[in-house]
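Shown next, in structure tokens, is the structure this report addresses.
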Amino acid sequence: MEERLATEVSFSELSRSDLNSLKMAQKTSSLIQRCRFLLLMILFLPHVMTSSFLSVNGKTENYILDTEPGLQESLKCAVQNHTRDEELLWYREDGRVDLKSGNKINSSSVCVSGISENDNGITFTCKLQRNQSMSISVVLNVTFPPLLSGNDFQTAEEGSDVKLVCNVKSNPQAQMMWYRDSGILNLENHHRIQQTSEYLQLSITKVKKSDNGTYSCIASSLIETKTKDFHLIVKDKASTVPIEPIIAACVVVFLTLVFGLIARRKRIMKLCRKDQGPQCRTAL
């Protein structure tokens, strides 16, 4: 009985010792984990604090700016989350924009004034000077109605080839069609139409008198429909003088005269000698 009691006491004391060791190990492990977490926070804290980025007009990604001719647009680029002064650069397409000294640090603005149809698709890019891979771009989307141009009057001889070219600029792109004398053009075998985003062309091979008239180029877009007239005048084919047969006839006549003179040369010389004979005897 005494030996059993001693064994239980010894086991109890051993259990308490192991329990204390286990508690100490748990506390040590928890402390190590906390230290690791704090160390990671310290390591990543500067990265989080210095993760700067660019924005233009409050937008942080490339975007398209819708605008119209005659308007003025302002683009403001700014560095976000910067920990030091940063210099900014502006580019229009591949050309660098000149900025005033007070319009470069941390934020910079450019003003696009007098916007026209030619500015459609132009890209403005803001870059960080010390790291130009950090950039943000704005593309101008200038919407305008169709603008038509071309040769208004054309004169052609019957049987020649003619091209009526209607140049167009439009955003959004326009739907185009040829009309003739206020009606839809009926295409014949000698008519051919070619269209691109920049022009509508009507080709007429071997024009006839019946091709005389007014041809209208009509361009329709979501904004407006525009029309431009092309006037075609077909003249009678000019009569041409056959130059080659005339030249050949002249050559034949010339050669005939030359051979005739050569053939009569002896007779002409004899007549000349008879006329000079008496004069020679008188002189003696």
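This note's numbering puts the sequence shown at residues 44 to 327. No residue lacks a Cβ here, since even glycine has one placed at the ideal position from N, Cα and C.
When the options are compared against residue i, the one with the closest alpha-carbon
i	options	result
N124	P189, L183, N149	N149
P155	Q115, K271, K212	Position check: residue 155 holds Val in this sequence, whereas Pro was assumed. If we check each option's Cα against that of V155, Q115 comes out closest.
S263	K212, R235, F273	K212
Q172	A121, I107, D279	A121
K170	K206, A292, K119, R77	K119
Q216	D279, E129, I305, N163	N163
Q244	G193, R139, G138	G193
Rounded straight-line distance, which links the Cα of residue j to that of residue i
i	j	result
S95	V182	23 Å
L132	V208	43 Å
D195	E104	47 Å
A199	N232	19 Å
G256	D224	7 Å
E136	I227	43 Å
V91	R127	At V91, the pLDDT of 40 sits below 50, so the modelled position is not reliable; the number obtained from the coordinates is stated separately. In a straight line, the C-alpha of V91 is about 14 Å away from that of R127.
L300	V294	10 Å
C260	N214	17 Å
Y106	I165	12 Å
V277	D254	7 Å
E130	S176	14 Å
N100	Q218	35 Å
Cut-off 6 Å between Cβ atoms - residues of its own chain near residue i, not counting five sequence neighbours on either side
i	result
Y134	T168
T248	D204, H233
F273	L207, Y258
S246	K206, R235
Distance CB(residue i)-CB(residue j) smaller than 8 Å
i	j	result
N210	E160	no
I117	S152	Reading the sequence as shown, one finds Ser at residue 117 and not Ile. Yes, the pair counts as a contact, with Cβ atoms nearer than the cut-off.
L275	Y258	yes
E201	K251	yes
L265	I179	no
E267	P189	yes
L191	K271	yes
Neighbourhood of residue i by C-beta, 8 Å cutoff - its chain only, sequence neighbours within 5 removed
i	result
D109	N184, T186
V296	none
Identity of the residues DSSP links to residue i by a beta bridge
i	result
T257	H274
I148	E130
F187	N214
V181	Y106, F167
7 Å Cβ shell around residue i - same chain, five flanking residues per side excluded
i	result
G113	I158
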